[in-house]
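Going down the list, the protein sequences come from chains A and B. Oh and the first sequence: position 83 is 83 in our numbering, straight run, nothing missing. For our numbering, count along the second sequence from 1 and bump the result up by 1000. C-beta atoms are modelled at their ideal positions from N, C-alpha and C, and glycine is treated no differently. Some notes on the structure that comes next.
Protein chains: 2
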Amino acid sequence: MFGSIELGGTKIRCGIFGDNGKMLDEIRIKTSDPKDDIKEVVGFFKDKDIKSLGVGAFGPIDVDEDSATYGRILQTPKKLWRNFDLLENIKKELNLPIGLSTDVGASGIGEYELGAARGKGSSLYLTIGTGIGGSFINDGRILQTSFHPEMGHIEIAREEDDKVKSLCDFHDSCFEGLCAGPSILERTGISGEDLDKDHEVFDLLARYIAKALMTYSLILRPDIIIIGGGVVNKEGMIEKIRDNFDKINTGYVSLPRSKDYIVFPKLGNEAGLVGGYILAKRAIDKTSL
Amino acid sequence: MFGSIELGGTKIRCGIFGDNGKMLDEIRIKTSDPKDDIKEVVGFFKDKDIKSLGVGAFGPIDVDEDSATYGRILQTPKKLWRNFDLLENIKKELNLPIGLSTDVGASGIGEYELGAARGKGSSLYLTIGTGIGGSFINDGRILQTSFHPEMGHIEIAREEDDKVKSLCDFHDSCFEGLCAGPSILERTGISGEDLDKDHEVFDLLARYIAKALMTYSLILRPDIIIIGGGVVNKEGMIEKIRDNFDKINTGYVSLPRSKDYIVFPKLGNEAGLVGGYILAKRAIDKTSL
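Here it is as structure tokens:
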């Protein structure tokens, strides 16, 4: 059996998976103080006879295996978690091989191996909700260098009459600052979930998301793009994103039909835990090389 | 000995390299009719006793080894070369292992192994001249999926008073359309080479290039960025690009000092041929696995 942890900003999920990828047991914890949370997590896994563990964690986090601070949470706005050595604190209680990635890295590899990108050589996974994050996988490898991608913070060319304040502390005009949940609230006074497709901001979001997808697509050239999250999971949204994507491509790069190219996740809310399971399996292969 | 071909839009260079990476012999051909050109290329290599060949070619070109049209030039504006099966035409005369990438892929791997990125885990290589192209290397592998990147065509958020027509047939506001050589001529009436650092367009270019580098940097997270080409090789330009890059980063991602992060190529005009030599060596390793 394998253990999987999805460490999110508001909740932590832990799952036990069988060899066949089926989840056998699960707990959920509200994210609060890291020391207490990890105690609960470790307690859950301790008597479960798992061979290895996979972790997908919110970032920024040090994912560079050669780094002295590998596995440490970095400059997060969550003060209690800042500089918390996640990997070390798990390792000292559970002496197991551990595979680590970001939350979107884990979800991306879950979708790649067992979800919407199954059978594809490469895929981009993107989630657009309270924040925006993405991961790219090619030939089975999650793209990570000394750092993990920060895809949500690329600049978006604003439309001329869009003067709204960017809700990113660092960037005047980044994707997350203009299109994530808080920006929708700022733009419309209503929360992202309540925005419907007749609202003009709905169309604006679809155009901006299409622009971002095109930028990722030209740089990474994924074989498929998987998009999820609260902003995308709205009736009519993915169709509008596809239409705008086709419009701005103008045939420059030849791609699959956008209906086959820009798709929803298949694993839904389970992508992260399933991805953790994949990372756990790989952690075994790695140590037995 | 190893053979290397740099197939450019205006000239073709062929080199012979010793085991130690030293170039021993070279020819240059003006790019014209593919059949005649390949005859000359093949003639040069035929009696040279090389073990393998590496090719960096202008694109778009099919770089997907699993594709039925692997090694074929695609929809290039150069009519004679359109749909020309480059790899097949070389292979039928020289029965050797051949490694293939784009022109920027070859230059990028040259700089990665033996140039400015030596010792780094990952690097972005970018050339800004008549056109704009780039390649990304991580753990020694050139990023290529079913397609190669088209980095020059990402959208740039224009400054409000910049109304110049984009000189890209496909995109109203892409990096190449706004910043490559032809756009400088359109903007200033003078050619890119003659533009000096007191011209306001010089500053505008530095700001736009910095924006593009930031977008690549956030998505790919390279350990170093190598930039070359006629637009960048101007006194004072790289310093201005670095200043603007630091300004727009605002400390969001922690990076090396921009003077160590955004650098010139070390191999200059030889990067492409050296990269071809690396690809040739790798083609041997691959077939002997």
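Between the Cα of residue i and the Cα atoms of the options, which residue gives the shortest distance?
i, options, result
"residue 1260 of chain B", "B:1252, B:1222, B:1059 and B:1141", "B:1222"
"residue 1053 of chain B", "B:1004, B:1095 and B:1025", "B:1004"
"residue 1239 of chain B", "B:1011, B:1209 and B:1154", "B:1209"
"residue 1242 of chain B", "B:1196, B:1035 and B:1264", "B:1264"
"residue 74 of chain A", "B:1254, B:1231, B:1132 and B:1286", "B:1254"
"residue 1266 of chain B", "B:1064, B:1111, B:1049 and B:1037", "B:1111"
"residue 278 of chain A", "A:25, A:56, A:28 and A:7", "A:56"
"residue 346 of chain A", "A:135, A:140 and A:196", "Lying before the first or after the last residue shown, residue 346 of chain A is absent from chain A, which here runs from 1 to 289."
"residue 225 of chain A", "A:247, A:196 and A:121", "A:121"
"residue 15 of chain A", "A:22, A:6, A:21 and A:26", "A:26"
"residue 1022 of chain B", "B:1012, B:1013 and B:1002", "B:1002"
"residue 7 of chain A", "A:172, A:165, A:28 and A:135", "A:28"
"residue 283 of chain A", "A:96, A:45, A:171 and A:147", "A:96"
"residue 48 of chain A", "A:76, A:94 and A:147", "A:94"
"residue 293 of chain A", "A:35, A:51, A:153 and A:116", "Residue numbering for chain A in the displayed model covers 1 to 289; residue 293 of chain A lies beyond these limits and cannot be assessed."
"residue 17 of chain A", "A:35, A:37, A:45 and A:36", "A:45"
"residue 60 of chain A", "A:252, A:159, A:251 and A:146", "A:146"
"residue 1149 of chain B", "A:167, A:118, A:220 and A:148", "A:220"
"residue 1157 of chain B", "B:1035, B:1076, B:1205 and B:1251", "B:1205"
"residue 1167 of chain B", "B:1034, B:1116, B:1131 and B:1251", "B:1131"
I want to verify the contact list: residues of chain B whose CB lies under 8 angstroms from the CB of residue i, in sequence order.
i, result
"residue 138 of chain A", "1143 and 1145"
"residue 149 of chain A", "1218, 1219, 1220 and 1221"
"residue 250 of chain A", "1170 and 1171"
Where residue i and residue j are concerned, what is the direct C-alpha to C-alpha distance, given to the nearest angstrom?
i, j, result
"residue 1207 of chain B", "residue 1010 of chain B", "29 angstroms"
"residue 1151 of chain B", "residue 1245 of chain B", "18 angstroms"
"residue 185 of chain A", "residue 176 of chain A", "13 angstroms"
"residue 1256 of chain B", "residue 78 of chain A", "25 angstroms"
"residue 32 of chain A", "residue 80 of chain A", "8 angstroms"
"residue 58 of chain A", "residue 124 of chain A", "18 angstroms"
"residue 1133 of chain B", "residue 1127 of chain B", "6 angstroms"
"residue 1227 of chain B", "residue 1262 of chain B", "7 angstroms"
"residue 100 of chain A", "residue 71 of chain A", "7 angstroms"
"residue 1230 of chain B", "residue 1190 of chain B", "14 angstroms"
"residue 1083 of chain B", "residue 1064 of chain B", "15 angstroms"
"residue 1069 of chain B", "residue 1102 of chain B", "15 angstroms"
"residue 129 of chain A", "residue 232 of chain A", "8 angstroms"
"residue 162 of chain A", "residue 1203 of chain B", "26 angstroms"
"residue 216 of chain A", "residue 1144 of chain B", "14 angstroms"
"residue 1062 of chain B", "residue 1086 of chain B", "10 angstroms"
"residue 1179 of chain B", "residue 1197 of chain B", "15 angstroms"
"residue 218 of chain A", "residue 98 of chain A", "33 angstroms"
"residue 1237 of chain B", "residue 287 of chain A", "47 angstroms"
"residue 1174 of chain B", "residue 1160 of chain B", "15 angstroms"
Starting from residue i, find everything on chain B with Cβ-Cβ shorter than 7 angstroms and list it in chain order.
i, result
"residue 154 of chain A", "1215, 1218 and 1219"
"residue 257 of chain A", "The contacting residues do not exist; residue 257 of chain A stays about 15 angstroms from chain B at best."
"residue 28 of chain A", "Those within 7 angstroms of residue 28 of chain A in chain B number zero; the least Cβ separation is about 31 angstroms."
"residue 42 of chain A", "Going along chain B, no residue has its Cβ under 7 angstroms from residue 42 of chain A, so there is no contact; the nearest lies around 30 angstroms."
Going along chain A, which residues have a C-beta under 7 angstroms from residue i?
i, result
"residue 1211 of chain B", "155"
Which bits of chain A does residue i rub up against, with CB to CB less than 9 angstroms?
i, result
"residue 1121 of chain B", "64, 66, 145 and 146"
Exposed or buried, which one is residue i when buried takes at least 16 other CB atoms within 10 Å?
i, result
"residue 1235 of chain B", "exposed"
"residue 138 of chain A", "buried"
"residue 1030 of chain B", "exposed"
"residue 183 of chain A", "buried"
"residue 1249 of chain B", "buried"
"residue 1187 of chain B", "buried"
"residue 275 of chain A", "buried"
"residue 24 of chain A", "exposed"
"residue 169 of chain A", "exposed"
"residue 1281 of chain B", "buried"
"residue 1200 of chain B", "exposed"
"residue 1258 of chain B", "buried"
"residue 1067 of chain B", "exposed"
"residue 155 of chain A", "buried"
"residue 1211 of chain B", "buried"
"residue 1181 of chain B", "buried"
"residue 1013 of chain B", "buried"
"residue 192 of chain A", "buried"
"residue 1037 of chain B", "buried"
Whose Cβ in chain B lies nearer than 9 angstroms to the Cβ of residue i?
i, result
"residue 158 of chain A", "1157"
Any Cβ of chain E within less than 8 angstroms of the Cβ of residue i?
i, result
"residue 1253 of chain B", "Chain labels in this structure do not include chain E; the protein chains are A and B."
* Cβ contact (3+ pairs, closer than 8 angstroms) linking the segment 271 to 286 of chain A and the segment 101 to 117 of chain A -> yes
* Do three or more CB pairs link the segment 1089 to 1097 of chain B to the segment 1038 to 1047 of chain B at distances below 8 angstroms? -> yes
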